[in-house]
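To start, the structure under review is shown below, and the notes come after it.
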Amino acid sequence: MAVIVVAVAPPYGPVSVNTDMIYVVVPDIPGTGTKLLIDTAGGRSVAALEDIDAIAAMPGSASFVRFNQASLKPGPVLVNRVGWVSVVPHPQVKGVTQVNFKNHYIAVKASVDKVAAALS
């Protein structure tokens, strides 16, 4: 288990996060920082003030692999090597791979082979 410490909005301050329980880190759409998604149903997250690059550079973040998200607002995401269930081609978009978790997936711009190799 690796732990990272991220800053969050007051009143919480810095919080310790078990990286094994984060399945993906995505940009926070409404503002700066990131969301560390912990609930594979898509409901819960830790709203960190650090951006993707800062999270990736933290000691303990070695389990994350950086991909470009395939979405209407593409950008970098960090996918955890722990907890994914399957890697499959997107059924409608060529060159996009779905990384499936228990109840959620994230679409990334890369081949299935490249994603599978990076997550192994």
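Position 120, counted from 1, in the sequence shown is what our numbering calls 384; the numbers after and before it change by one each time, with no gaps.
Built from N, CA and C at the ideal position, the CB exists for glycine as well.
Beta-carbon proximity list for residue i, same chain, < 8 Å, skipping 5 on both sides
i	result
N332	P338, G339, P340, V341, V372, K373 and A374
Span separating the alpha-carbon of residue i from that of residue j
i	j	result
A382	V329	7 Å
P291	A271	15 Å
V248	V346	The structure shown does not extend to residue 248, since the chain spans only 265 to 384, so no value can be given for it.
E314	G277	12 Å
F365	V352	11 Å
A266	M285	10 Å
S309	Y287	10 Å
N282	P274	20 Å
V357	S280	37 Å
I319	P355	31 Å
A380	G359	14 Å
Under the three-state DSSP convention, the category residue i falls into
i	result
I293	coil
A266	coil
A381	helix
Contacting residues, own chain, Cβ-Cβ under 7 Å from residue i (five flanking each side not counted)
i	result
G324	A266, V267, I268 and T283
A452	With the chain represented from 265 up to 384, any question about residue 452 goes unanswered, as that position is not in the structure.
key: In chain order, each beta strand (DSSP E) run of at least 3 residues that lies wholly inside the region 291 to 365   = Within the region 291 to 365, the complete beta strand (DSSP E) segments at least 3 residues long are 298 to 301, 309 to 312, 328 to 332, 340 to 344, 350 to 353 and 360 to 364, listed from N- to C-terminus.
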